[in-house]
Amino acid sequence: MDMDKRHAKCLCSAVEFDVDKSCVEVSSCHCNMCRNWSGAPMMSIHAQGDINFFGEENIGIYQSSDWAERGFCKICGTSLFYRIDGPQYYIPVGLFADQTGFTMKSQIFIDEKPEFYDFANETPKLTGKEVFDLYVKED
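Numbered according to the numbering used here, the sequence shown spans residues 2 to 140.
The structure is reproduced here in structure tokens:
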């Protein structure tokens, strides 16, 4: 395995892939859709560029909005990625066997977070509106 890469795989190992090991900043999304999709807040890293998937025929795609899609393993159901604007992937950190070096960087959609949990990490917290405002392109 390439030492500059971090290896990820689904629960049944039918889908595997590597991402750049420099992707270490974890963001936690508390939006209703992510929590429904993963059963909890989605804690992910942002990986840009092409990712070489092994077992790509086992990846199912769900078009979850006009601008994004979610990938999952067709065999075991593991949530594999949230993808926007082509090769911008948000990959759940739980898919990586090597959990060293990750740092909790931010929490988004904090206004949709249920009251029954809180993270101890002190991070920037953005509401859904603040997140969308960051991505809206001004003319």
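Heads up, the beta-carbon is just placed ideally off N, CA and C, and yes, glycines get one too. Bear in mind the structure is a predicted one, so any value in this text is a computation, not a measurement.
{"Asked": "Limits of the beta strand (DSSP E) - the one that residue 78 falls within", "Found": "Per DSSP, residue 78 belongs to no beta strand (DSSP E) and is neither H nor E."}
{"Asked": "Residue nearest to residue 6 in terms of C-alpha spacing, selected from 108, 85, 100 and 60", "Found": "100"}
{"Asked": "Supposed contact pair residue 109 and residue 127 - C-beta distance, whole angstroms, cut 8 Å", "Found": "5 Å"}
{"Asked": "Complete runs of the beta strand (DSSP E) confined to the region 95-137 [at least 3 residues]", "Found": "104-109"}
{"Asked": "Residues near residue 56 by beta carbon distance below 7 Å, same chain, minus five either side", "Found": "15, 16 and 17"}
{"Asked": "The region 106-123 / the region 29-37 touching (three or more Cβ pairs under 8 Å)", "Found": "yes"}
{"Asked": "Selection from 44, 51, 87 and 61 that minimises the alpha carbon distance to residue 68", "Found": "87"}
{"Asked": "Unbroken alpha helix (DSSP H) run spanning residue 1, endpoints", "Found": "Residue 1 lies beyond the stretch modelled for the chain, which goes from 2 to 140, so this question has no answer here."}
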